[in-house]
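A.B. asks: Mind looking over this structure? Questions follow.
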């Protein structure tokens, strides 16, 4: 009985660790470039030049046109577009059976 409970707990923990790694796969595949930001977020630049912003918790957040963002290496990027719905849909793809 103890072994069975241990196996169930181990499977639950492993699935919790592995699942988030798939969440951004669709977004990463759709983006032409991705930039890690100083605040822990990620800026996605799509083929059409439009951009979307994900915060450090994996949530899509509003991006203001012309907003200045700083990458981890100190590069400044000016925002072009606000593809909230596009990124949100891509991030959710990893969490459902789509």
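Numbering (mature numbering (1 follows the signal peptide of the UniProt record, and there is no 0)), first residue to last: -23 to -1, 1 to 75. Using N, Cα and C, we set each Cβ at its ideal position, and we do this for glycine too. Note that the coordinates shown come from a computational prediction; the quantities given were computed from them, not determined experimentally.
#1: Locate the alpha helix (DSSP H) running through residue 68, then write down its first and last residues.
#2: Is it buried or exposed for residue 13, if we count other Cβ within 10 angstroms and need 16 for buried?
#3: Considering only the beta carbon of each residue, do residue 64 and residue 31 sit closer than 8 Å?
#4: Would residue 6 be called buried (16 or more neighbouring beta carbons within 10 Å of its own) or exposed?
#5: Specify, as a first and last residue, the run of the beta strand (DSSP E) that residue 29 falls within.
#6: Between which two residues does the beta strand (DSSP E) containing residue 8 stretch?
#7: Contact check, residue 46 vs residue 4 under 8 Å by CB: the rounded distance?
#8: Just to confirm my understanding: we take residue 59, look at its own chain, exclude 5 residues before and 5 after, and list those with CB closer than 6 Å. What are they?
C.D. replies: Taking the structure as given:
#1: 61 to 69
#2: exposed
#3: yes
#4: exposed
#5: 28 to 31
#6: 8 to 13
#7: Contact flag wrong, Cβ pair sits at about 17 Å.
#8: 40
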